[in-house]
Amino acid sequence: MDLLNTSLRQLAAALRERRISSRELASAYLDRIDGLDSRLNAFITVDPERTLKQADLADERLSQGRGEALTGIPIAHKDIFCTQGWLTTCGSKMLSNFVAPYDAHVIEKFAAAGALILGKTNMDEFAMGSSNETSFYGPVKNPWDLRKVPGGSSGGSAAAVAARLAPAATATDTGGSIRQPAALCGVSGIKPTYGLVSRYGMIAYASSLDQGGVIAPGAEDLALVLNTMVGFDARDATSIGRPAEDYTALLGQPLRGLRIGLPREYFSTGVSADVSRAIEESLAEYKRLGAVLVEVTLPHSALSVPVYYVLAPAEASSNLARYDGVRYGWRAARYGDLTDMYERTRAEGFGPEVKRRILTGTYVLSRGYYDAYYLQAQRVRRLISNDFKEAFARCDVIMGPASPTVAFNLGEKTSDPVQMYLSDIFTISVNLAGLPGLSIPAGFGSGGLPVGLQLIGNHFNEGRLLQVAHQYQQATDWHRRVPSLDRTGETA
Ligand code: GLN
Numbered sequence: 182m183d184l185l186n187t188s189l190r191q192l193a194a195a196l197r198e199r200r201i202s203s204r205e206l207a208s209a210y211l212d213r214i215d216g217l218d219s220r221l222n223a224f225i226t227v228d229p230e231r232t233l234k235q236a237d238l239a240d241e242r243l244s245q246g247r248g249e250a251l252t253g254i255p256i257a258h259k260d261i262f263c264t265q266g267w268l269t270t271c272g273s274k275m276l277s278n279f280v281a282p283y284d285a286h287v288i289e290k291f292a293a294a295g296a297l298i299l300g301k302t303n304m305d306e307f308a309m310g311s312s313n314e315t316s317f318y319g320p321v322k323n324p325w326d327l328r329k330v331p332g333g334s335s336g337g338s339a340a341a342v343a344a345r346l347a348p349a350a351t352a353t354d355t356g357g358s359i360r361q362p363a364a365l366c367g368v369s370g371i372k373p374t375y376g377l378v379s380r381y382g383m384i385a386y387a388s389s390l391d392q393g394g395v396i397a398p399g400a401e402d403l404a405l406v407l408n409t410m411v412g413f414d415a416r417d418a419t420s421i422g423r424p425a426e427d428y429t430a431l432l433g434q435p436l437r438g439l440r441i442g443l444p445r446e447y448f449s450t451g452v453s454a455d456v457s458r459a460i461e462e463s464l465a466e467y468k469r470l471g472a473v474l475v476e477v478t479l480p481h482s483a484l485s486v487p488v489y490y491v492l493a494p495a496e497a498s499s500n501l502a503r504y505d506g507v508r509y510g511w512r513a514a515r516y517g518d519l520t521d522m523y524e525r526t527r528a529e530g531f532g533p534e535v536k537r538r539i540l541t542g543t544y545v546l547s548r549g550y551y552d553a554y555y556l557q558a559q560r561v562r563r564l565i566s567n568d569f570k571e572a573f574a575r576c577d578v579i580m581g582p583a584s585p586t587v588a589f590n591l592g593e594k595t596s597d598p599v600q601m602y603l604s605d606i607f608t609i610s611v612n613l614a615g616l617p618g619l620s621i622p623a624g625f626g627s628g629g630l631p632v633g634l635q636l637i638g639n640h641f642n643e644g645r646l647l648q649v650a651h652q653y654q655q656a657t658d659w660h661r662r663v664p665s666l667d668r669t670g671e672t673a
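Under the numbering used here, the sequence shown has 253 at position 72, and the numbering climbs by one with no breaks.
In structure tokens form, the structure reads like this:
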């Protein structure tokens, strides 16, 4: 059995039937990480001994016939989720010495299900970025071409899954950080409806937008992981209590009559020709599967990036005020009085992009500017959300590109923040409206780099979105393609 290219459902069955052991499975992935991650930099922390100890416990449970869907399956976690006893850095020097004293809600849920922690994945500092180049731990490389970015901020999770260093990985999405790196790395990623996955223990960036989700090769894998991740948690004030749903329930149903809405704004200028071509071809595939295409409009789309870059920094400036060097995290070695300690600690602990966001956020919240920027952005946020409401009166799912281009070169956009921000032009509005969004592999563009098709659903339509993705993946095999990793792009 090829342990590295088997779906989660098949792996779980093999584990339950004791055809493989969890230790065997975890070892296969740990070996692959050991062999390849020095080239990708997808992981910040791996701790094989701990992982294998968890594997032994899972094997015991499995041998007693108490295995659940994810028992014995190793899962990598974005280093934004607090994991008790593990270094939890959020990609920042500020937390480079922070060993979490508790587990995030989702980590508790995975532990209860008997899943293993495979390691902690690299990410943009405090999840701010679209290329994984703001990480204190250095950039992640795209496994399809090591000269290219993997996307961000969950670049480590996306690259790890793409290179099959992990069968699935958790991630978070504030403005596109699951869908954009999934697209650029040729894997599937889902950001659920805001409030479905608890934010407890998920280090906060912009709390009204942050949402945990998952990256894996295929939609069926996503559904299985989501079944474990989703659930009410009283410790997150925006957690939604809903009856548990089986996200695999609809997967097998055909798509006849599905109405796909194509927002005019997502198909106009700004999308590169290779991405357009791949998206058109995937839409043709959907037509063959029985879907009908309808044009819709999201007239305030162009405002999503400016609105986001007022609201997200505003929330970040407040959330990141907690890093003061007092109780945990980085503290400057030398300082005078308390104020000097704060200033030096924050000057040393945060990287330039994080500082830029804190400055912008503090500015838009300050007296005299609050009404002009923050309040105004909140109003436009509502208009963006209303656009979707109207569009969903005419269609069941919205589709378009997840990213305007395929993966770009490392270093290409680092000196131009606005160009970098525009990488999320198609993903951000989904967070502003709190909707679920998915990116799935939809072919290859220039340089043989993956293209991602974005699927957007109405609130709580995850099951439907996953069905729409899965049916496409039954008819295509883009999600099964694995980078050879010999096109290194490295000069010796
Ligand atoms: N790229 C966007 C940003 O830098 C989105 C990041 C995210 O979703 N965490 O804020």
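Where a beta carbon is used, it is the ideal one built from N, C-alpha and C, also for glycine.
Check, Outcome
"Expressed to the nearest angstrom, what Euclidean distance is found between the alpha-carbon atoms of Ala430 and Leu405?", "10 angstroms"
"Does the separation of the CB atoms of Ala435 and Gln652 fall below 8 angstroms?", "In the sequence under discussion, the amino acid at residue 435 is Pro, which differs from the Ala named in the question. A contact, by the Cβ cut-off of 8 angstroms."
"Residue ranges of each alpha helix (DSSP H) run of no fewer than 4 residues wholly in the stretch 185 to 251, ordered along the chain?", "189 to 197, 203 to 221, 229 to 244"
"Tyr447: which of Gly310, Ala194, Ile579, Gly517 sits nearest, CA to CA?", "Ile579"
"Residues bridged to Gly370 by DSSP?", "Ile396, Ser620"
"Nearest by alpha-carbon distance to Asn612: which of Arg562, Gln191, Ala553 is it?", "Arg562"
"Quick check: what's the CA-CA separation for Pro494 versus Ser311?", "15 angstroms"
"Please name the residue, chosen from Leu238, Phe625, Lys234, that lies closest to Pro461 on a Cα-to-Cα basis.", "Position check: residue 461 holds Glu in this sequence, whereas Pro was assumed. Among Leu238, Phe625, Lys234, the Cα nearest to that of Glu461 is on Phe625."
"Any idea what DSSP makes of Phe641, helix, strand or coil?", "coil"
"Can Thr353 be considered in contact with ligand 1, in the sense that its beta carbon sits closer than 7 angstroms to one or more heavy atoms?", "yes"
"Nearer than 7 angstroms: is that true of the beta carbon of Gly356 relative to any heavy atom of ligand 1?", "yes"
"Could you have a look at Gly542 and say whether DSSP puts it in helix, strand or coil?", "helix"
"Put Glu337 into one of helix, strand or coil per three-state DSSP.", "This sequence places Gly at residue 337; Glu is not what is there. Reduced to three states, the DSSP call for Gly337 is helix."
"Buried or exposed: where does Ser620 fall if 16 or more other Cβ atoms within 10 Å of its Cβ makes it buried?", "buried"
"With a threshold of 7 angstroms, establish whether the CB of Ala308 neighbours any heavy atom of ligand 1.", "yes"
"What is the DSSP secondary structure of Thr608, counted as helix, strand or coil?", "coil"
"Can the beta-carbon of Ile256 be found less than 8 angstroms from the beta-carbon of Ala308?", "no"
"Which whole runs of the beta strand (DSSP E) in the stretch 382 to 467 are 3 residues long or more, in chain order?", "392 to 397, 440 to 444"
"Going by alpha carbons, who is nearest to Gly370 out of Leu646, Asp518, Leu546?", "Leu646"
"If we ignore side chains and look at the alpha-carbon of each, how far apart do Ala296 and Val632 end up?", "30 angstroms"
"Return the CA-CA distance between Leu254 and Leu432, expressed in angstroms with no decimal places.", "One point to set straight first is that residue 254 is Ile, not Leu, in the sequence displayed. Between Ile254 and Leu432, the C-alpha separation is close to 21 angstroms."
"Is Tyr375 near ligand 1, judged by its Cβ being under 7 angstroms from some heavy atom?", "no"
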